[in-house]
Amino acid sequence: MIPVNYLDLLRLAAPETVVLAGALVVLGVDLLALREVETGLRRLLLLILGAVTCGAAIAWMAAFPNLGNFMQGMLVVTPLTQWVKGGVLALAILTLLLSGGASFTNHWGEYVALLLLSAVGLMFLVSSESLLVIFIALELASLSLYILAAFHHDAPESAEAALKYFLFGSVSAGFMLFGLSLLYGLSGSIDLREIAAALGGPFLDPLLAVAMVTVAVGLGFKIAAAPFHLWAPDVYQAAPPPSAAFIASASKLASFFVLAKVLSVGMGGLEGRAVFGDYLPGWVPLLAALAAASLLWGNLAAIVQTNVRRLIAYSAIAHAGYMLLGIMGGKAGLPALVYYAMTYGFTTLGAFGVASLVRDRVGGDNLSDFAGLSRREPWMAFCMLVFMLSLAGIPPLAGFFGKFYLFAAALKTSSLDLLWLVILAIGMSAVSLYYYLQVLKQIYVVPPPSGLAAAPIPSLPKTVIILAALTVIVLGCAPNLLLRVLAAP
Amino acid sequence: MKLEILPWLILFLPLVAAGWITLFTLRNQKLSVGLSIGAVVTGFVLSVLFVAVNPLTPAPQELSLNWLSIGEFQVQFGLRLDPLSLLMMLVVTGVAGVIHIYSWGYMRGDRGISRYFACLSLFTFSMLGIVLANNFLQLFIFWELVGVSSYLLIGFWYEKPAAADAGKKAFITNRLGDFGFILGILTVWAALGSLNFGVLAEKLGANREALGGAATLAGLLIFCGAVGKSAQFPLHVWLPDAMEGPTPVSALIHAATMVAAGVYMLCRVFFLLNAGALEIIAWIGGFTALISALMAIQQNDIKRILAYSTLSQLGYMVMAVGLHGPTPAMFHLTTHAFFKALLFLGAGSVIIACHHEQDIWKMGGLGRKMPVTFWTFLAGTLALAGVWPLSGFFSKDAILAEAFERHHYALFALGVMVALLTTFYMFRLVFVVFFRPARAEPAGHAVESPQVMLWPLRILATLSIVGGVISLDHYYRLQFEPAAVGAALSWTAQLTHPFAHAPVPAAFGLAAALAGFACAWLLYRRADVDPLPARLGPVARAMRDRFYFDELYQATVIRAHDFIATIADWADRWLIAGLVVRGTHGTTELIGRALRLVQTGNLQTYAFLFALGVAFVLWWVLG
Amino acid sequence: MTADLLFYLFAACTLVCGFLVIANPFSLNPVTSAMFLVLTMVFLAGLFVLLHAFFLAAIQVLVYAGAVMVLFLFVIMLLDLKAEERRRLKVFGITTGLIAVGAILFIFLNTLAQAPLGASTTPELEGTTMALGKLLFTRYLLPFEVVSVLLLVAMIGAIFLSKKELK
Amino acid sequence: MSVGLQHYLVVSAVLFSLGLLGVILRRNLLVIYMGLEMMLNAANLALVAFSRFTNNLDGQVFVFFVITVAAAEVAVGLALIVALYRRRQTVHAEDLTCMKL
């Protein structure tokens with residue numbers, strides 16, 4: 000009989016508990032106190048309540064840095080997981096504030112609560128090393144996100160996209176569960192460290208390879224890596240913009256972190272080698288294949304897109320390819336990966352924000368709807384410039400440094416084994432500039448359509464977008480701010 | 000090292016100006032202009048002060064801050080101060096300052112003048128960043144920033160679709176070169192574990208073979224960056240299009256400084272390049288020099304002629320680097336910065352006077368109406384043509400001498416040929432633009448430009464004339480061959496030094512200039528339409544040797560020109576524009592069709608592809 | 000020996016019913032599929048019993064056959080979907096789908112055949128309610144709590160999504 | 000040959016593939032869901048079998064949670080179908096092609 004210390008659990012899971020309590024409060028307040036309040040005010044109050052909750056959780060983590068390990072890996076809190084959770088919460092705050100001017104629903108209580116609950120799921124996902132908790136947390140986050148994707152009350156595509164998201168999520172959850180069961184069966188444990196100890200390496204049992212692949216399929220779905228990305232363009236295009244932004248940013252950050260953890264902690268000795276002529280099965284060749292496919296598919300498909308959100312979706316697939324290189328970079332790659340995923344999160348969130356503003360104003364988010372944005376909204380145009388150039392990897396923005404550090408880590412760790420993949424990645428990032436400039440061309444060069452009524456844009460989303468752009472610039476100029484703490488042993 | 004704060008100030012003043020203008024003074028044009036000019040002129044004064052206080056010595060100095068330190072990955076943000084960077088800093092701030100002042104006159108009345116000066120300041124900052132960088136990563140960051148500011152400035156008149164497209168083309172083409180560059184940087188880092196130039200030089204100095212088998216590859220990858228930025232074949236296509244930007248921008252960015260950054264970078268990392276890489280570099284440079292000189296002959300747009308001429312001279316410099324001669328390369332880079340900036344500014348003056356007419360066959364007779372412009376332009380032309388005792392002669396001679404001394408006679412002959420062609424097309428330009436009566440209405444009413452535009456011309460003309468005898472090569476030699484350097488020669492000794500030191504190249508150089516001038520004189524002194532395309536030439540005033548030159552031209556030049564033009568056009572259309580810039584109709588069509596087959600929106604198709612993906616990945620991992 | 004026979008019986012029934020869920024040659028009505036799914040679940044519960052997982056067998060029947068299936072039938076009735084599935088079958092789609100799934104199944108079975116699983120310890124584990132319950136509230140306390148949050152999400156979602164939008 | 004772990008795993012793998020096949024081939028969303036349920040159940044079977052043959056109760060606890068999660072998922076999924084049916088009057092996968100390319 001193992002004694003349980005409930006206080007211990009509460010102490011370690013305090014940030015999650017705070018957010019969960021916040022979600023319940025939001026629901027309760029919405030039902031009891033705000034029934035009669037006018038929608039705009041109600042929305043504002045609920046969003047601020049949600050943001051304050053996330054802020055409180057961050058503050059808690061900063062003030063009481065409790066580290067520890069609850070019940071052999073059920074909950075493992077380290078400085079790095081705290082930072083990743085902080086990133087998830089910061090992205091949640093921005094997503095919430097981004098919704099301040101949106102009108103896709105009237106059920107703001109449910110919306111905010113679900114967003115917070117999915118953040119809870121992502122936080123548990125980040126800080127657990129137990130297969131069971133990882134699975135449940137993943138499902139918690141996913142279920143909330145499915146619902147969030149369907150929140151658009153008068154757009155039929157929204158429900159369709161959510162359904163596709165749901166179906167693919169469930170199929171990949173099925174695959175992942177199958178893989179987890181094999182992993183459990185082969186090692187006799189559900190704790191990642193015990194699994195690593197039981198499995199050893201470096202030679203890969205075929206059944207273990209199946210387990211590895213199916214688990215990677217499940218997580219590959221979450222990170223939208225090709226060929227498991229098919230849902231992403233539809234969801235990014237049709238879900239309410241803030242939901243899509245959250246799916247593209249926070250969910251991706253947490254999923255990448257957990258994929259890296261499952262592979263590097265749980266299958267520590269099974270890297271294998273992905274060099275032509277010197278092939279050793281393992282997760283490096285697996286990820287290399289996914290990365291190459293994502294890079295090619297994402298970048299090439301983005302070239303022909305006419306819808307900006309769909310374009311961002313394909314570019315997100317391509318970026319999943321870059322980030323996979325970070326996992327292959329091993330220990331040195333992890334900080335690079337987290338840095339990249341975080342800055343990418345801010346960038347893509349901001350880009351979705353701009354797209355959502357354009358959509359509210361012009362009525363669509365096709366490329367042509369961005370025409371002349373620089374003359375209507377110079378600040379938003381400038382922010383979009385920052386986001387696009389950062390995604391394309393132009394210094395001194397965060398996207399450049401993130402890529403550089405990822406590539407360097409992957410090359411160094413693999414002692415040039417992955418050179419071919421790095422070459423592909425750099426080449427594809429050169430190609431990507433083409434479609435990012437396509438967006439900028441619309442914004443800066445093409446004259447705006449005449450007869451567009453001037454309307455003030457809500458200040459809350461505007462502030463969020465400018466904040467995101469600032470973050471991208473500052474973290475690009477001074478990457479050490481974030482990297483130093485991420486790489487701290 | 001005294002006054003260590005100065006280099007930092009010089010670097011960051013333009014950035015402060017750019018930021019301040021963007022944030023606060025976009026509406027106040029006068030203040031914006033003043034801030035921008037003030038920043039760069041102050042930078043120049045401080046540079047002079049700094050060099051005066053700290054005499055140039057071969058020992059490099061570094062000022063650095065820790066920028067990044069993550070495990071074994073250490074990068075500094077630092078300034079490397081040695082003769083190379085200090086001289087280049089003087090050149091950049093000096094030329095930029097002159098061009099800033101000129102722009103004030105040239106851009107007067109443009110609505111976006113504040114934006115223009117903000118971009119110009121941003122450019123100056125980035126260029127200084129390249130010059131002063133002490134490590135590869137920092138160099139690359141500023142390298143890209145220079146690309147961004149060039150993109151913004153080429154597309155400055157974004158209402159013109161051609162300008163916007165040219166900006167995009169320049170940006171993307173440069174990105175292709177940078178693809179190789181960053182890969183080269185990563186290779187060097189993976190092999191040697193550092194990005195700092197000083198550390199790398201030490202490591203390679205201690206062990207020549209430290210890079211192992213990757214040496215040639217790394218060298219060529221890094222050279223890719225220079226191919227893009229310095230517009231060498233086959234990535235040369237963006238530079239002529241970049242002439243869509245305002246003329247002072249062409250002078251500063253696409254003639255004097257930014258495009259020279261590639262050459263500068265090659266000299267900066269000269270220690271990394273091994274003989275194999277250098278050989279290829281030399282040939283690419285020589286080839287670029289020749290084809291672009293040939294192309295320049297048949298251009299009618301005054302700025303495009305100068306653009307091709309720039310390409311050709313850049314090829315010259317790259318060839319010099321490839322011939323193990325960073326000293327002559329940097330020497331020529333410096334003098335070229337003077338006279339090519341002068342020529343562009345002179346062209347700008349002409350263009351303004353002719354109400355934005357750029358076709359040389361619609362000009363004429365401007366020599367009388369614009370005397371200052373004419374005489375300074377002539378000085379620039381003579382310098383570019385390599386006429387003794389102007390600056391171009393000395394630097395060009397240094398390159399030819401390098402080729403001659405290394406017994407690289409093929410490239411030597413190529414260099415002489417290019418020198419001949421250079422004189423030819425430049426005097427063609429001079430004759431057509433400044434002599435004969437005006438051929439079109441605007442040129443008839445042309446008047447001299449305002450003083451704010453003329454003083455920069457005078458300053459640059461002075462530099463172009465004396466640039467060869469102010470010991471520039473001596474100081475560069477301090478950097479590259481500190482062992483072989485003697486005392487600086489007096490300016491009179493420098494005047495005759497080439498003839499004493501290496502008479503054969505000097506004689507060939509002068510002869511080439513003379514021959515080129517003679518051809519131009521015969522063909523264009525009295526021409527009102529270009530006689531070359533007509534092929535027969537004006538029979539009425541036929542003279543035997545005229546025919547002789549004409550036929551020679553037909554037999555060799557035109558055919559070679561046609562051939563090369565076909566190749567270059569093919570490269571432009573298919574390699575660069577086709578596959579990358581425009582994505583061609585075919586490519587996008589293909590992708591679109593493939594995508595339509597896959598992303599049908601149909602769940603079943605998605606599910607099937609998902610399963611197929613799983614099966615494939617399983618197969619791949621199980622091997 | 001009886002256990003072995005029962006295994007084969009239950010396994011065969013599970014798979015046959017499973018097949019009939021997805022491809023019933025006699026009826027494409029979702030109600031039939033749902034009924035066969037119930038049977039599949041029940042036979043699976045039988046397999047669980049053979050594996051001495053008594054508690055799970057009970058749960059399986061209760062939750063799946065009891066709750067989930069009712070939910071399915073409820074929705075089918077609610078949407079009134081009797082005469083829907085009358086569309087042309089696509090031979091190409093079916094073939095390619097079969098090939099893809101066949102490939103995956105082949106890989107699974109092939110690796111299972113090679114896997115060194117035979118010599119395991121003698122099974123003596125009993126999945127009693129007592130043992131599971133103790134674990135649930137000690138070692139598995141955290142997932143237990145997280146699952147409760149998950150159910151909350153499902154509840155909010157189900158209510159929000161299926162209720163009629165008030166105009 | 001007496002029934003061992005391998006036998007259960009084979010059943011599990013076949014059931015999993017059947018479920019996947021249902022997802023790929025069937026066009027009625029409800030039946031697709033049933034396929035999904037079968038995939039999850041196949042994994043459950045493998046977990047229970049492993050638990051039994053490695054003398055480790057973790058697997059059974061895992062299954063307990065999976066059943067709960069699956070029930071929650073079904074609730075949300077069916078609600079999604081109902082919501083979709085309200086707006087589009089269809090439960091056919093082929094009718095869901097608003098977005099392409």
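Chains as they are written, first to last, in numbering that gives the first Met the number 0: chain A, 0 to 488; chain B, 0 to 622; chain C, 0 to 166; chain D, 0 to 100.
C-beta atoms are modelled at their ideal positions from N, C-alpha and C, and glycine is treated no differently.
Proximal residues of chain C, C-beta to C-beta of residue i below 8 Å
| i | result |
| --- | --- |
| F116 of chain B | The contacting residues do not exist; F116 of chain B stays about 55 Å from chain C at best. |
| A189 of chain B | Near A189 of chain B there are no residues of chain C at all, since even the closest Cβ is about 36 Å away, more than 8 Å. |
Neighbourhood of residue i by C-beta distance below 8 Å, restricted to the same chain and skipping five residues each side
| i | result |
| --- | --- |
| W374 of chain B | A460 |
| S463 of chain B | T334, F337, F338, L341, A378, G379, A382, L389, S390, G391 |
| V538 of chain B | Residue confidence for V538 of chain B is low, a pLDDT of 39 falling below 50, so the modelled location carries little weight; the figure read from the coordinates is stated next. Nothing meets the Cβ criterion. |
| W619 of chain B | none |
The alpha helix (DSSP H) enclosing residue i, as first and last residue numbers
| i | result |
| --- | --- |
| G391 of chain B | 390 to 404 |
| A273 of chain A | It is not in any alpha helix (DSSP H) - A273 of chain A instead sits in the beta strand (DSSP E) that spans 272 to 274. |
| L388 of chain A | 377 to 391 |
| F202 of chain A | No alpha helix (DSSP H) holds F202 of chain A; DSSP gives it neither H nor E. |
| L5 of chain C | 1 to 21 |
| L93 of chain A | 78 to 97 |
| W419 of chain A | 418 to 443 |
Delimiting residues of the beta strand (DSSP E) encompassing residue i
| i | result |
| --- | --- |
| E61 of chain B | 60 to 69 |
| F72 of chain B | 72 to 80 |
| L279 of chain A | 277 to 279 |
| N68 of chain A | 67 to 69 |
Where residue i meets chain D, residues with beta-carbon distance less than 8 Å
| i | result |
| --- | --- |
| C256 of chain B | Note that residue 256 of chain B corresponds to Thr in the displayed sequence, not to Cys. Here the premise fails: no neighbours, minimum Cβ distance about 44 Å. |
| P18 of chain C | One detail in the question is off: residue 18 of chain C reads as Phe in this sequence, not Pro. Chain D residues near F18 of chain C: L17. |
Under 9 Å by beta carbon: chain B residues contacting residue i
| i | result |
| --- | --- |
| A443 of chain A | One point to set straight first is that residue 443 of chain A is Tyr, not Ala, in the sequence displayed. Result: G154, Y157, A163. |
Under 8 Å by beta carbon: chain B residues contacting residue i
| i | result |
| --- | --- |
| F23 of chain D | First, the amino acid is wrong: residue 23 of chain D is Ile here, not Phe. Here the neighbours are Q603, A606, F607, A610. |
Contact set for residue i: own chain, Cβ-Cβ below 6 Å, skip 5 residues either direction
| i | result |
| --- | --- |
| T13 of chain C | T39, F42, L43 |
| A17 of chain B | A117, S120, L121 |
| L39 of chain D | A69 |
| G321 of chain B | L277, I280, A281, G284 |
Residue i Cβ short of 7 Å to the ligand SAM heavy atom set
| i | result |
| --- | --- |
| V18 of chain A | Among the ligands in the structure shown, none appear at all, so the ligand SAM cannot be discussed. |
Nearest-angstrom beta carbon gap, residue j and residue i [assumed within contact, 8 Å]
| i | j | result |
| --- | --- | --- |
| T621 of chain B | I106 of chain C | As written in the sequence, residue 621 of chain B is Leu, which differs from the Thr given in the question. Correct: roughly 7 Å between the Cβ atoms. |
| F286 of chain B | P325 of chain B | In fact, because the Cβ distance is near 20 Å, the residues do not count as touching under 8 Å. |
| I171 of chain B | Y435 of chain A | Not a contact, Cβ separation roughly 10 Å. |
| K228 of chain B | V258 of chain B | 7 Å |
Residue i: contacting residues in chain A (beta-carbon distance under 8 Å)
| i | result |
| --- | --- |
| F159 of chain C | H106, E109, I146 |
| W619 of chain B | P284, L285, A288 |
| F47 of chain C | Simply none; closest approach about 14 Å. |
| T31 of chain C | Within 8 Å Cβ-Cβ: nothing; T31 of chain C doesn't reach chain A, min ~22 Å. |
Contact set between residue i and chain A, taken where Cβ atoms lie within less than 7 Å
| i | result |
| --- | --- |
| L55 of chain D | In the sequence as displayed, the identity of residue 55 of chain D is Asn instead of Leu. Near N55 of chain D (Cβ distances below 7 Å), the residues of chain A are G187. |
Cβ-based neighbour list, residue i, same chain, cut-off 7 Å, excluding 5 preceding and 5 following
| i | result |
| --- | --- |
| I442 of chain A | F369, L372, S373, A380, M383 |
| M452 of chain B | Y101, G104, Y105, S348 |
Neighbour flag for residue i against chain G, beta carbons, 8 Å
| i | result |
| --- | --- |
| L79 of chain D | Absent from the structure is chain G; the protein chains it does hold are A, B, C and D. |
Where residue i meets chain B, residues with beta-carbon distance less than 7 Å
| i | result |
| --- | --- |
| V303 of chain A | T587, I590, G591, L594 |
Problem set entry | the stretch 19 to 30 of chain A touching the stretch 67 to 85 of chain A, judged by at least three CB pairs closer than 8 Å | Taking one beta carbon from each stretch, the stretch 19 to 30 of chain A and the stretch 67 to 85 of chain A have fewer than 3 pairs nearer than 8 Å; the two do not touch.
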